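**Student:**
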Amino acid sequence: MAEMGEVEETEIIKVTNLDYNLTLLQEKIKKDPESYRQEFSEQFEHFKQNMKLLNIQPTQHRMNLQPILELVVFLSKTAIYYKNDAEEFARLLVNILTDQGPALHHHIRESFCESLLSLRNRKHLDTIQLLQLFFELCKIEDKNLRKFISTAIVSIIKKLSKSNDDLKLKTKMQVFLFAKLKDSRAVVARLAQMVLINVFRRGFWKDNKTANAIGECVFHRIPKIQVSAMKFFLGTIKDEEGVAEDTDSEDEQAQNTKTLKEVMCAFRAAKKTRKKEKMFEKAKKTISKDKKEKKEGKSKFCNLYAIQSLYDPQQFVDRLFKMLESGKNEKFEVRVIRMALCARVIGVHKLQTLGFYSFLHRYLNPKQREVTRILLYAAQACHDLVPPDLVENLVKVIANNFVTDKASTEAIVVGLNTIREIYSNCPHAADPDLVQDLVQYRSYKNKNVAMASKGIVTLFREINPSILHRKDRGRPTEKSADIDENEIKFGSLKAKTFIPGAEILYGVEEGMEMEDIDSDASEDWVDLDVNDKDDSIKNEKNEKVDDEEDEVSGEEDEISGEEDEISGEEDEISGEEDIEDEEVEVDDEEYLSDSHDVEKNTQTEEKKVKIDELNPDERIAKAQEISENRIFTDSDFKRIRIHQLQRAIMNKRGTKRKQTNADVQIEEEFEEKKIRKEEGDGLPRLNDIEHFHKKIKKQSKEERLAQVKEGREGRESYAKKTKTGDHVGRTNRELAKKKNFSMIKQKVRGQNRQRSFRDRQISLKNYLLKQKGKKTAN
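Numbering (UniProt numbering), first residue to last: 1 to 778.
Here it is, written out as structure tokens:
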């Protein structure tokens with residue numbers, strides 16, 4: 001009986017301990033919810049009494065906060081096992097936050113919001129109801145709470161985008177957030193805008209609805225929301241400037257990340273000092289900076305997709321330009337951002353906002369603030385559908401204000417670069433007299449001005465050589481010969497009735513694929529026949545047989561060697577007749593197919609030679625004939641592209657006059673710009689306007705040697721690789737000095753004395769006996 005009493009007492013003590021140890025009670029409820037229903041109900045009743053107290057007195061002493069916070073965390077983790085209690089718990093939290101939200105302590109507010117988010121994830125609370133509460137709470141001046149609300153909403157959207165189960169909820173959330181953009185309270189509208197921008201950049205809601213909803217924020221009554229929306233469409237500053245973002249290789253990034261992790265782990269385990277605390281703070285800042293750069297890198301080109309997703313870009317630009325004209329009292333920085341967005345949308349969609357070009361005239365002055373950016377916006381807004389007279393007036397204003405003898409060299413370079421970018425987009429607006437005046441600057445004493453002028457010459461050699469003087473046109477090429485002057489005129493149709501370069505496919509049958517390209521510009525073609533499949537199967541079988549034969553034992557190798565010697569003797573005896581008998585037997589079908597392929601290749605090579613001898617008119621006729629009677633494949637387009645590149649290289653090699661370094665540099669920059677415009681939005685960047693050529697200084701011998709030594713750093717040496725470590729590099733004699741004497745006494749005994757004749761005789765005898773396999777003498 002005494003033992004039974006002790007057992008009951010221990011059980012009572014355990015139960016009473018559960019009431020006070022909420023963590024242990026949480027684990028017990030997780031394992032068996034129904035058995036601990038009563039204990040949960042007691043804690044829930046205790047929470048209800050605290051809620052009544054908070055309604056009466058929202059401000060609590062800091063000593064009373066910790067029990068409430070622990071109780072809320074406990075209930076949020078365990079109420080999910082009791083559906084009715086969970087819904088009542090969520091309702092109590094919503095009511096207390098709605099009624100006494102601003103008066104509550106900030107830690108209690110955050111804890112309540114976290115609990116509501118957890119209940120929503122378990123579907124014990126409606127999502128729209130939670131969003132309404134969050135947007136009401138964002139009016140409270142609590143920075144941490146607003147940050148948590150924004151992160152929580154983005155996390156909800158992220159989960160919905162991954163599951164794609166509840167499309168109705170996604171639509172409701174979009175309608176709710178779009179409505180909050182029009183809210184009269186600036187904080188609410190700002191929060192909704194930041195959430196939409198975040199989910200669009202991260203790809204959760206990357207659709208036309210979200211892009212156009214953010215586009216409406218450009219015309220919001222609050223300037224801060226306007227600027228945020230415009231910066232979203234414009235993207236990063238580095239993208240506008242055309243500066244390549246500095247990204248290390250993957251190995252270097254992994255190494256840097258590993259080093260930062262080591263610093264953080266070392267700080268946790270090591271002794272805390274001021275120096276280590278500074279290193280730890282620096283490591284944390286570096287990690288956050290890397291994460292931020294990674295996010296900016298991912299969202300670099302989202303602005304182009306957003307601009308392309310606008311429903312009515314013409315109406316969008318007209319409204320924006322109207323705000324730009326009427327905004328006289330706004331800051332100059334905001335006006336420049338509006339100019340940038342107008343120019344970007346006009347250039348991407350090729351719109352007709354004709355008043356924008358004359359509006360820019362007043363800002364095209366060398367003394368104007370941010371004049372280089374304004375020149376960039378003028379170049380971005382020009383495209384081939386703008387009337388030539390507007391572009392011509394814009395170019396004349398730039399030439400009169402920047403490209404004059406009174407202007408500084410920097411102003412002349414910027415003006416020439418801007419005119420070149422405008423002409424590259426609008427070649428029909430070029431005035432021959434003005435172009436001839438600009439070309440004269442290539443003999444200017446300043447190298448930057450001369451190079452900028454040569455850039456204009458290089459441009460017109462590509463797009464319209466006839467506008468240049470005969471001596472400036474350069475050597476005529478195939479591309480310049482194919483340029484039609486009627487196509488350069490404004491409003492002319494640039495459609496072609498054939499694919500340029502298709503004449504090289506004359507004599508090449510359809511269904512043939514390019515295998516490889518030799519250095520001599522000769523290509524091999526293969527028929528996709530059944531025979532080829534059989535050949536490939538046979539080759540695979542032969543490879544398998546060869547692999548099996550490599551694993552054969554040495555005896556078979558000896559047999560094969562004897563057979564080779566016999567066959568060699570037969571070769572000497574038999575002569576030519578036996579050589580014919582030893583040739584590999586080939587099937588008749590394979591032999592015929594191989595001979596047929598050889599004939600085909602010779603025919604195509606002969607036809608290719610004949611095509612190279614055709615004049616331009618005959619080439620066009622042949623290309624038109626092939627384009628009308630053939631379905632082109634990817635291999636055909638690849639062959640045409642390679643042939644065009646080869647022709648361009650051969651034309652450059654055939655020039656009599658050796659090109660200078662400046663000419664080569666200009667041509668390379670021109671090709672790089674063409675490739676970059678084809679890959680991106682096709683608009684120039686600030687680096688194209690502010691491009692200055694640095695004069696290469698001749699290095700001295702000491703500088704050259706220093707550069708050579710710098711290049712050798714980190715390079716593997718040609719010497720024998722040596723191991724690295726704490727115990728590497730010492731000889732056996734040095735290591736023996738620290739060994740125990742019993743380990744080396746035998747070796748020392750042999751080194752200190754000479755062996756006698758008898759010892760050497762015995763050792764020799766033992767050696768000979770071991771060689772014969774007999775027992776050695778003792």
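Even glycine gets a Cβ: it sits at the ideal position worked out from N, Cα and C. A quick note: this is a predicted structure, and the numbers were derived from the prediction, not measured.
1. Here's a check: name, in chain order, each residue in its chain whose Cβ is nearer than 6 Å to the Cβ of residue 781, leaving out the five neighbours to either side.
2. For V72, which of helix, strand or coil comes out of DSSP?
3. Using beta-carbon positions only, say whether L137 and C113 come within less than 9 Å of one another.
4. Just verifying my parser: in three-state terms, what is the DSSP assignment at F402?
5. Residue range of the alpha helix (DSSP H) that C113 falls in?
6. Can you tell me which of P432, Y441, E421, H124 puts its alpha carbon nearest to the alpha carbon of T409?
7. Note the first and the last residue of the continuous alpha helix (DSSP H) segment covering H46.
8. Cutting at 6 Å between CB atoms, please list the residues of its own chain near L764, excluding the five before and the five after it.
9. According to DSSP, is E410 helix, strand or coil?
10. Do H361 and C426 have their C-beta atoms within less than 9 Å of each other?
11. Can you list, in chain order, the residues of its chain whose CB lies under 6 Å from that of K284, leaving out five sequence neighbours each side?
12. Whose C-beta lies closer than 6 Å to the C-beta of A450 among residues of the same chain, with five residues either side of it excluded?
13. List the whole-angstrom C-beta distance separating P366 from A429, where the pair is believed to meet the contact cut-off of C-beta under 8 Å.
14. Three or more C-beta pairs closer than 8 Å, one from the segment 143-151 and one from the segment 161-180: is that the case here?
15. Evaluate the contact criterion for the segment 390-401 versus the segment 698-706: three or more CB pairs, one atom per stretch, below 8 Å.
16. For the alpha helix (DSSP H) containing I156, list its first residue and its last residue.
17. Using a 10 Å radius around the Cβ and a threshold of 16 neighbouring Cβ atoms, would you call D312 buried or exposed?
18. List the endpoints of the continuous alpha helix (DSSP H) containing residue 781.
19. Between S358 and V397, what straight-line distance do the alpha-carbon atoms span, to the nearest angstrom?
20. Rounded to whole angstroms, how far is the Cβ of I640 from the Cβ of A502, which I believe are closer than 8 Å?
21. Going straight from the alpha carbon of P616 to that of I504, what length do you get?
22. Just curious, the alpha helix (DSSP H) that L341 is in, first and last residue?
23. Around the C-beta of R470, are 16 or more other C-beta atoms found within 10 angstroms, so that it is buried, or is it exposed?
24. Indicate whether L169 and T127 have their beta-carbon atoms separated by less than 9 Å.
25. Roughly how many angstroms separate the alpha carbons of E250 and T286, rounded to a whole number?
26. With DSSP run on the structure shown, which of helix, strand or coil describes F359?
27. Among the residues of its own chain, which have a CB less than 7 Å from the CB of S424, if the five just before and after it don't count?
28. Could you pull out every residue in the same chain whose Cβ sits closer than 6 Å to the Cβ of K77, ignoring the five residues on either side in sequence?
29. Mind pulling the alpha helix (DSSP H) runs of 4 or more residues that sit fully within the segment 422-483?
30. Would you please state the rounded distance, in angstroms, between the beta carbons of F233 and L341? I believe it to be under 8 Å.
31. Under 9 Å between the Cβ atoms of V435 and I412?
32. In the DSSP assignment, find the unbroken alpha helix (DSSP H) run with S228 in it and report its ends.
33. Would R109 pass as a contact of I140 if the rule is Cβ separation under 9 Å?
34. Nearest to L54 by alpha carbon, out of P33, D99, N303?
**Tutor:** Well, looking at it:
1. The first residue shown for the chain is 1 and the last is 778, placing residue 781 beyond what the model contains.
2. helix
3. yes
4. coil
5. 106-121
6. Y441
7. 37-56
8. none
9. helix
10. no
11. none
12. R442, Y444
13. At roughly 23 Å, the Cβ-Cβ gap does not stay under 8 Å, so P366 and A429 are not in contact.
14. no
15. no
16. 143-163
17. exposed
18. The question about residue 781 has no answer here: the residues shown for the chain are numbered 1 through 778.
19. 10 Å
20. 6 Å
21. 13 Å
22. 332-349
23. exposed
24. yes
25. Confidence in E250 is poor, its pLDDT being 42 and thus under 50, which makes the residue's placement unreliable; the coordinate value appears in the next sentence. Going by the C-alpha atoms only, they are around 17 Å apart.
26. helix
27. L459
28. Q26
29. 432-439, 447-463, 478-482
30. 6 Å
31. no
32. 223-234
33. yes
34. D99
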